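Sequential numbering of the sequence shown, starting at -3, is according to our numbering.
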Amino acid sequence: MTEGTFSSLEIDASPEDLYDVAADVAAYPEWANGVKEVEVLSTDEDGLVSSARFVVDVFVKEIEYVLHYNHDRPNVMSWHADESDDLEMLEGSYQFGATEDGATEVVYTLTVEPNFTIPGFIKRQGEKQLVTTALRGLRKRVATGG
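Next up, the structure:
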């Protein structure tokens, strides 16, 4: 059975502003820990990324994969990866929900099944660290006007 992880963080910004930062996939190497390279492969009619190639340093090795995106601005941005030499499966999402105090609760989910052997507890810890780091990076990027 495939398990994943999720985390949430309240960020003092609008869902639209947060969505726009998350949807700027080409800028991830500037703020997303471990993302070494992003190449946008295609965009939709609204200019949002439909697919992108990533090179990521994931603790035990550097991996490359292609993500395909679905957009529901400003509520949800989700993605899934093509199967590759390194990945059996990768899928995730950002969900953005306005709070009563004018902030946004961001929920990040991530499920990864690598195509290489890694103990389950290390994989789970890696997923948790990626999710936590991504949320903190998103908060910092929005705060700095990125």
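Positions of the beta carbon are idealized from the N, C-alpha and C atoms, including for glycine.
Small disclaimer: the values here were computed from a predicted structure and weren't measured.
On the three-state DSSP scale, how would you describe residue i?
i: Lys57; result: coil
i: Ala9; result: coil
i: Asp40; result: coil
i: Asp16; result: helix
i: Met(-3); result: Confidence is the limiting factor: at Met(-3) the pLDDT is only 43, short of 50, which leaves the residue's position unreliable, though a coordinate-based value still follows. Residue state, collapsed to three classes: coil.
i: Pro70; result: coil
i: Gly141; result: coil
i: Gly30; result: coil
i: Ala23; result: helix
i: Gly98; result: coil
i: Thr105; result: strand
i: Glu123; result: helix
With a 10 Å radius around its C-beta and 16 neighbouring C-beta atoms as the bar for buried, classify residue i as buried or exposed.
i: Val102; result: buried
i: Phe112; result: exposed
i: Val36; result: exposed
Would you mind working out which of the options sits nearest residue i, comparing C-alpha positions?
i: Tyr15; options: Ser4, Arg137, Pro70, Ile7; result: Pro70
i: Thr107; options: Glu6, Glu96, Val127; result: Val127
i: Lys57; options: Ile114, Glu26, Gly43, Ser38; result: Ile114
i: Glu60; options: Ser74, Asp81, Asn66; result: Asp81
i: Arg135; options: His76, Ala9, Lys32; result: Ala9
i: Glu33; options: Glu87, Val21, Thr100; result: Val21
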